[in-house]
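Working notes, structure below.
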Amino acid sequence: MKSGILALSLAIATLGSAWAAPAVRDEPIQPIQPAKVENPAKVELGKKLWFEPRLSMSGIISCNTCHNLSRGGTDNLKTSIGHGWKAGPVNSPTVLNSSLAIAQFWDGRAANLQEQAAGPIQADIEMNMPHTLALDVLQSIPGYVAEFKGVFGKEQIDMDMVTSAIAAFEETLVTPNSRFDKWLKGDDKALDAKELAGYTLFKESGCVACHNGPAAGGTSFQRMGLVEPYQSTSPAEGRSAVTGVDADRFNFKVPTLRNVEMTYPYFHDGEAATLEEAVDIMGRLQLGRTYNDDEIGKIVAFLKTMTGDQPQLTMPILPPSSNATPRPDPFQ
Numbered sequence: 047m048k049s050g051i052l053a054l055s056l057a058i059a060t061l062g063s064a065w066a067a068p069a070v071r072d073e074p075i076q077p078i079q080p081a082k083v084e085n086p087a088k089v090e091l092g093k094k095l096w097f098e099p100r101l102s103m104s105g106i107i108s109c110n111t112c113h114n115l116s117r118g119g120t121d122n123l124k125t126s127i128g129h130g131w132k133a134g135p136v137n138s139p140t141v142l143n144s145s146l147a148i149a150q151f152w153d154g155r156a157a158n159l160q161e162q163a164a165g166p167i168q169a170d171i172e173m174n175m176p177h178t179l180a181l182d183v184l185q186s187i188p189g190y191v192a193e194f195k196g197v198f199g200k201e202q203i204d205m206d207m208v209t210s211a212i213a214a215f216e217e218t219l220v221t222p223n224s225r226f227d228k229w230l231k232g233d234d235k236a237l238d239a240k241e242l243a244g245y246t247l248f249k250e251s252g253c254v255a256c257h258n259g260p261a262a263g264g265t266s267f268q269r270m271g272l273v274e275p276y277q278s279t280s281p282a283e284g285r286s287a288v289t290g291v292d293a294d295r296f297n298f299k300v301p302t303l304r305n306v307e308m309t310y311p312y313f314h315d316g317e318a319a320t321l322e323e324a325v326d327i328m329g330r331l332q333l334g335r336t337y338n339d340d341e342i343g344k345i346v347a348f349l350k351t352m353t354g355d356q357p358q359l360t361m362p363i364l365p366p367s368s369n370a371t372p373r374p375d376p377f378q
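Sequential numbering from 47 applies to the sequence shown in this note's numbering.
Okay, structure coming up:
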């Protein structure tokens, strides 16, 4: 009898907890979910490679140079600076929450994070390191040989192993628990009146047609300048450089708005220095709407509520080079 009463009490308590659990609001933007790490050793190896400057010809550039995890996953420059102080053609997009995107790079030329990771290493305006030489460097470092064997079961390192590890680390770089996420999960006090008004205006203006989903963007390619043409000196052609279709010219991947207060300057060419400027331009060029200062202030206030918990990392200690490790040439 006691066991029956206990079972009934537990069932009632369970139902009560389920009933009391706050439901996620039905909105075009959904909360960011925390990362699930299935292979910690692989992630740790990827983290080391992320911070590894020996994957560059100069020995001073790493993935973190342009996607600084202390600065919202960007470098806060109009366009990134690579090997030999060469200026890149586009603004460096944030790596935070990039695992949620439809594709990688502004023009979507990489289908996923692993494919993307291979590009900057050998690009002459980025790290300028031929893949064969990058592999020679890693293979010459006993600490890496042991770690790759532990993760992949092979002593001979190949580029698929390198990019797979980097991608596994990047998949952990999500930013949950923003104030906006807390509001989405039912916390009415998470947003103040101005921020909530900004979200309402953002939504009613039609911004959510492109900026939706957990990342508030990143899931489609859109033309820059739907209502008015966008004037830019950047050589970037957008999606047409990948598809070869002229109709895709100036179509770029819609950027995520997560942590957007940290990822200035904005757009593929970095021409918008501030959030206020970006909101004004997007309103006019994409929506045909001219926001007044008060409206811009409200939207900006809302956008700042999407800054989530930043990745908290212990800096990796990179294994030392051996006598056989090819030495960097900063001036080549």
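By construction, the Cβ of each residue, glycine as well, lies at the ideal position given by its N, Cα and C atoms. A quick note: this is a predicted structure, and the numbers were derived from the prediction, not measured.
If you count every other CB in all the chains shown that lies within 10 Å of the CB of residue i, and 16 or more means buried, which is it?
i, result
"E250", "exposed"
"T246", "exposed"
"T279", "exposed"
"I363", "exposed"
"F226", "buried"
"G74", "The displayed chain sequence assigns Pro, not Gly, to residue 74. Exposed, since its Cβ has fewer than 16 Cβ neighbours within 10 Å."
"E379", "The question about residue 379 has no answer here: the residues shown for the chain are numbered 47 through 378."
"N85", "exposed"
"P366", "exposed"
"L272", "exposed"
"N369", "exposed"
"W96", "buried"
"P376", "exposed"
"M207", "buried"
"I239", "Just to set this straight, residue 239 is Ala in the shown sequence, not Ile. When all chains shown are included, A239 counts as exposed."
"N338", "exposed"
Can you check DSSP and say which residues form a bridge with residue i?
i, result
"A133", "I127"
"T120", "N114"
"A318", "Y312"
What did DSSP end up calling residue i once you bin it into helix, strand or coil?
i, result
"K94", "helix"
"K48", "Caution is warranted here: a pLDDT of 46 is assigned to K48, below 50, making its placement in the model unreliable, and the coordinate value is therefore given only provisionally. Note: K48 maps to helix in three-state DSSP."
"R269", "strand"
"K200", "coil"
"A262", "coil"
"P365", "coil"
"Y312", "strand"
"Q150", "strand"
"K299", "strand"
"A156", "strand"
"T209", "helix"
"N110", "helix"
"D238", "coil"
"L359", "coil"
"T351", "helix"
"T371", "coil"
"K231", "coil"
"G290", "coil"
"M328", "helix"
"L179", "helix"
Could you tell me how far apart the beta carbons of residue i and residue j are, in whole angstroms, since I believe they sit closer than 8 angstroms?
i, j, result
"A213", "L159", "4 angstroms"
"G119", "P222", "The Cβ separation is near 15 angstroms, so there is no contact."
"R330", "E274", "6 angstroms"
"G134", "T140", "Contact flag wrong, Cβ pair sits at about 15 angstroms."
"S186", "T371", "4 angstroms"
I want to see whether chain D comes within less than 9 angstroms of residue i, judged by CB atoms only; does it?
i, result
"I171", "The chain labelled as chain D is not found in the depicted structure, where only one protein chain is given."
Would the beta-carbon of residue i be found less than 8 angstroms away from any heavy atom of the ligand ATP?
i, result
"S102", "Looking for the ligand ATP in the displayed structure turns up nothing, as the structure carries no ligands at all."
- Task: Please determine if the segment 271-289 and the segment 152-159 are in contact, where contact requires at least 3 C-beta pairs separated by less than 8 angstroms.
- Result: yes
- Count the C-beta pairs between the segment 168-183 and the segment 96-114 that are closer than 8 angstroms, then say yes if the count reaches three, no if not. yes
- Can at least three beta-carbon pairs, one atom from the segment 160-169 and one from the segment 297-304, be found at a separation below 8 angstroms? no
- Message: With three or more C-beta pairs closer than 8 angstroms as the rule, is the segment 227-247 touching the segment 315-324?
- Response: no
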